[in-house]
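J.: Pasting a structure below so you can have a look.
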Amino acid sequence: MSRFSRSILALALAGATSVGFAFDHYKGIGRQATPAEVGAWDIDVRPDFKGLPKGSGTVDRGQEVFEEKCASCHGTFGESNEVFTPLIGGTTKDDIKTGNVKGLSSGDLPQRTTFTKVATISTIFDYIQRAMPWTAPKSMKPDDTYAVLAYMLNLAEIVPADFTLSDKNIAEVQKLMPNRNGMTTDHGMWPGASAAKGGMGNGGKPDVKNTACMKNCKTEVRIGSVLPDYARDAHGNLFDQNRSFGPVRGIKTGGAAAAATASADSGPLDLANRSGCMACHGVNNKIVGPGYNEVQARYKDQPDAAARLALKVKNGGQGVWGSVPMPPNGEMKEADINTLVAWILSGAR
Amino acid sequence: MNQGEIVSMVDIVKQPGRLRRAPENFLSEAEIKAVGEGRRDFLRRSFLTAAGAAMTAPLLARASEGDVNILQNPEWTTTLGQPVAVRPYGLPSKHESQLVRRESPGLTRVGAASVSFAPLQGMFGIITPSGLHFERHHQGWYDIDPARHRLMINGSEPAFVKKAKVYNMDELMRLPSVSRIHFIECGANTGLEWGNVAVPTVQYTHGMLSCSEFTGVPLNLLLDDCGVDYRKARFVLAEGADGSSMTRTIPMEMVESGEVLVAYGQNGEMLRPENGYPLRLVVPGVQGVSWVKWLRRIEVGDKPYATKDEAVHYIDLLPNGQHRQYTSVQECKSVITTPSGGQALLDRGFYNVSGLAWSGRGRIKQVDVSFDGGINWQAARIEGPVQNKALTRFNVGWVWDGKPAILQSRAIDDTAYVQPTYGQLRLVRGTKSIYHNNAIQSWKVDENGEVSNVQVL
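So the protein lines, in turn, are chains A and B. Under my numbering, the first residue of the first sequence carries the number 32, and numbering increases by one thereafter. Under my numbering, the first residue of the second sequence carries the number 3, and numbering increases by one thereafter.
This is the structure:
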């Protein structure tokens, strides 16, 4: 073998090991996705409306669907701050004209709602279709998604009450989104190519600069903020959040309330937490579903309450407390369900 | 709180948790009570199990000769221990129950869309034990059946891939894998502190931070296998299999570099369900929300997607009312974990001050520590080897003289970026940004040894 061909071979080998990756290189690994499979999962909708399904929905229909599926968390008018931050509010007619929500810079906004932030209507459509309602994601048909979005747009005074939103006119509505001009990608925190090279931002240039001064860097230490007393006690007893040996100890904080929480940390409450119940039910408050205090009040005098509630926990239910369904909990042990039900009926103490 | 209050050394000695030196303290309170009541039989009983013949003298007398934990062998030295596999999956010591993931009360109202913080105040080195890894779920977590899990790769245009493909776990785990150590930090870590001090300990200020060894397949290997048209498809959408089917846009440049992984392994075992079992994306240096858990689909496209978590949340509000969108990189940051807020030093004297540094842009080059609120700094010792986009542990010796002090750490990465102060950060970004707060953290040590969270401008 000549010196020349040996070096060619070496190059080829180096190429084979360093490249390695190639189309259909790994025999027997993976298979072609069927069109139906791609259709089932590829539901994303982009700002240019690529991926948007055909369909339409009226504000009126949207109100019906919203009241049935959305209002228990978001409030009838998308204003509720109980479970999630409000969807609607904080935008003005003027914002719809300018495309910049003025409250974001003026400081007049007590809280940013979804519509004060979002620039792209596709985002809301995509998210409702993908993840709503909370306990039954991906259960909404395109027409109802259009309808719910039409209702929200009407609440935000972007479209009139007789409006029908559809795949045909959604691009026009985009031009009315109150914060449509409110986003910038002119920053250094996009980890890809810069805008100049077809990507976004300035190519990674940081916006804040410090220097590595080592000696006599300033003449005074200005303390801007210290921990408020209420915040010191708001996270339970810090003594119990640190090791009982080693160079330091946790400071005793939180008082009686923290001790009570700590002692309740096992038993039925812990079981309810572990079983995911507390995501929707509070002990003394409604979250998505009723509070345990409300359940107890309703059922306490019914002789067959324990059995009926156990069945509801196991198989789920809907209608007693509103239209948001309670999902079935088939994986929970019978004994655990009975423990929880007994605890709830005894006042969840 | 007694900030600034001067406490005498006498008071300090009475504080709980202080080192106990007096011989009588070698006995528990119950034992002292028993002796006080004239009952000594408990001593005799305990001696029956003790090995040494020397253990005949009354304990109180012997205590003056030294530490009873040495003079009298404890039961673990003098009796038979437990056999193997009593706990087939090992657990931490029962004495470690304090160090667990915790929620910050009032931060969220729904547990399925919430956060639990890692207990950084008691952790060592750089690896986060998988059971202590911070959690952030958007619509609850599931323990997915790996036999039914699939990963699909397709294009926003069919022409962007030669073949849209589906892989199951059997197939993904047959492919060439890599194992790399990387940090993951939520973009909202330290977000509660943008405007002012709000939470007491490092668990809540910085605990949306973890670091693991991840094992998986480089995503570009899979994209190559599908025949992706890299000239046209410059953006990647990752999507989860949970109810939220969370989606985020990732630049193709990162994927092409080979650092983005489709991971199934975490610290030598499979991912934990809370961390995306059986499959998650690893996007080194980028905020945690992009590390899509329960990964079920990758779409390659020619435009970014403006998904809910990059158009409603995870956008950074600036003072002029504009939001920065697609902010992804976690810039260089550090924090002292020991001692830290909510802790008390036991006594004057020597301490090993220890903390963590990390950068989403590369490796940590240097960490400086100040004990006087940032007037003077000294270089800390960095525990190597320093890894790319991974937590880096630093240590520095300190003798506490009992006087008030303000401890700070300042990290510098290999791009020469220096971690900023609160004053510098707020000058540009204001106080309502929520995300990407990488300011220098300050811990104030009072004369009574208590450490508290303060902000130095």
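Even glycine gets a Cβ: it sits at the ideal position worked out from N, Cα and C.
Check for me: the beta strand (DSSP E) holding residue 137 (chain A) runs from which residue to which?
T.: Where residue 137 (chain A) is concerned, there is no enclosing beta strand (DSSP E), although the alpha helix (DSSP H) it sits in stretches over 134–137.
J.: Compare the C-beta of residue 329 (chain B) with all C-beta atoms of chain A and state if any pair is closer than 9 Å.
T.: With 9 Å as the cut-off, residue 329 (chain B) counts as an interface residue toward chain A.
J.: Taking C-alpha atoms, which residue in B:305, B:306, B:330 and B:307 lies nearest to residue 2 (chain B)?
T.: Nothing can be reported for residue 2 (chain B), as the shown portion of chain B is limited to 3 through 459.
J.: State the DSSP-derived secondary structure class of residue 457 (chain B), mapped to helix, strand or coil.
T.: DSSP places residue 457 (chain B) in strand when its eight states are reduced to three.
J.: Grab me the residues of residue 157 (chain B)'s own chain with a C-beta within less than 6 Å of its C-beta, minus the 5 sequence neighbours each way, in chain order.
T.: 163 and 302, listed in sequence order.
J.: What are the boundary residues of the alpha helix (DSSP H) that includes residue 228 (chain B)?
T.: Residue 228 (chain B) -> alpha helix (DSSP H) spans 221–228.
J.: Can you grab the Cα-Cα spacing for the pair residue 251 (chain B) / residue 292 (chain B), in whole Å?
T.: When rounded, the distance between both Cα atoms is 7 Å.
J.: According to DSSP, what are the bridge partners of residue 397 (chain B)?
T.: DSSP output for residue 397 (chain B) lists B:356 and B:383 as bridge partner(s).
J.: What are the boundary residues of the beta strand (DSSP E) that residue 280 (chain A) is part of?
T.: Residues 279–281.
J.: If you draw a straight line from the alpha carbon of residue 379 (chain B) to that of residue 195 (chain B), how long is it in whole angstroms?
T.: Taking the straight line joining both Cα atoms gives about 24 Å.
J.: Let me know if residue 316 (chain A) comes out buried or exposed under the rule of 16 or more other beta-carbons within 10 Å of its beta-carbon.
T.: Label assigned to residue 316 (chain A): exposed.
J.: May I ask whether a heavy atom of the ligand ATP can be found less than 8 Å away from the beta carbon of residue 372 (chain A)?
T.: The ligand ATP is absent from the structure shown, which contains no ligand whatsoever.
J.: Among the residues of its own chain, which have a CB less than 7 Å from the CB of residue 342 (chain B), if the five just before and after it don't count?
T.: Excluding positions up to five away in sequence, the list reads 123, 203, 204, 445 and 453.
J.: Can you tell me which of the three DSSP states residue 261 (chain B) falls into?
T.: Correct three-state label for residue 261 (chain B): coil.
J.: Return helix, strand or coil for residue 103 (chain A), following the three-state DSSP convention.
T.: Correct three-state label for residue 103 (chain A): helix.
J.: Once DSSP output is grouped into helix, strand and coil, what is the label at residue 308 (chain A)?
T.: Here residue 308 (chain A) sits in helix by DSSP.
J.: Helix or strand or just coil, what does DSSP make of residue 153 (chain A)?
T.: Correct three-state label for residue 153 (chain A): helix.
J.: At a CB distance below 8 Å, what residues from the stretch 138–152 of chain A approach chain B? Give them in sequence order.
T.: The residues in question are 143, 145, 148, 149, 150 and 151.
J.: Could you pull the start and end residues of the beta strand (DSSP E) that residue 167 (chain B) belongs to?
T.: Residues 167–170.
J.: Where DSSP assigns a beta bridge to residue 253 (chain B), which residues make up the other side?
T.: According to DSSP, which records beta bridges pairwise, residue 253 (chain B) is partnered with B:237.
J.: Between residue 412 (chain B) and chain A, is the shortest Cβ-Cβ distance under 9 Å, so that the two count as touching?
T.: By this cut-off, residue 412 (chain B) is an interface position.
J.: With a 10 Å radius around its C-beta and 16 neighbouring C-beta atoms as the bar for buried, classify residue 237 (chain B) as buried or exposed.
T.: Label assigned to residue 237 (chain B): buried.
J.: Short of 7 Å Cβ to Cβ, which residues in the stretch 198–219 of chain A face chain B?
T.: Against chain B - using a Cβ distance shorter than 7 Å - the residues of the stretch 198–219 of chain A are 213, 214, 215, 216 and 218.
J.: Strictly under 9 Å for the Cβ-Cβ distance: is residue 409 (chain B) near chain A by that measure?
T.: Chain A, which has no Cβ nearer than 9 Å to the Cβ of residue 409 (chain B), makes this no.
J.: Give every residue of the same chain whose Cβ lies closer than 6 Å to the Cβ of residue 221 (chain A), excluding the five residues on either side of it in the sequence, and list them in chain order.
T.: Cβ within range, chain order: 231 and 232.
J.: Which of helix, strand or coil does DSSP assign to residue 323 (chain A)?
T.: Residue 323 (chain A): helix per DSSP, three-state reduction.
J.: Note down, in chain order, each residue of its chain lying with its Cβ closer than 8 Å to the Cβ of residue 304 (chain B), except the 5 sequence neighbours on either side.
T.: Cβ neighbours of residue 304 (chain B) beyond the five flanking positions: 158, 159, 162, 234, 235, 236 and 237.
J.: Run down chain B in chain order and give the residues with a C-beta less than 7 Å from the C-beta of residue 54 (chain A).
T.: What residue 54 (chain A) touches in chain B: 164, 226, 227 and 229.
J.: Is there a Cβ from chain A that is less than 9 Å from the Cβ of residue 193 (chain B)?
T.: Answer no: the Cβ-Cβ gap between residue 193 (chain B) and chain A never drops below 9 Å.
J.: So what's residue 335 (chain B) in DSSP terms, helix, strand or just coil?
T.: Looking at residue 335 (chain B) - three-state DSSP - the assignment turns out to be strand.
J.: Measure the C-alpha to C-alpha separation of residue 459 (chain B) and residue 336 (chain B) and round it to an integer number of angstroms.
T.: Their backbone Cα atoms lie some 16 Å apart in a straight line.
J.: Can you tell me whether residue 94 (chain B) is buried or exposed, with buried defined as 16 or more other CB within 10 angstroms of its CB?
T.: Result: exposed.
J.: Among A:241, A:243 and A:218, which residue has its Cα nearest to the Cα of residue 234 (chain A)?
T.: Comparing Cα-Cα distances from residue 234 (chain A) to each of A:241, A:243 and A:218, the minimum goes to A:218.
J.: Inspect the beta-carbon positions of residue 126 (chain A) and residue 210 (chain A) and report whether they are closer than 9 Å.
T.: Yes, these two residues count as a Cβ contact at 9 Å.
J.: Is there at least one Cβ from chain A nearer than 9 Å to residue 255 (chain B)'s Cβ?
T.: Yes, its Cβ sits closer than 9 Å to a Cβ of chain A.
J.: Let me know if residue 371 (chain B) comes out buried or exposed under the rule of 16 or more other beta-carbons within 10 Å of its beta-carbon.
T.: Classification for residue 371 (chain B): buried.
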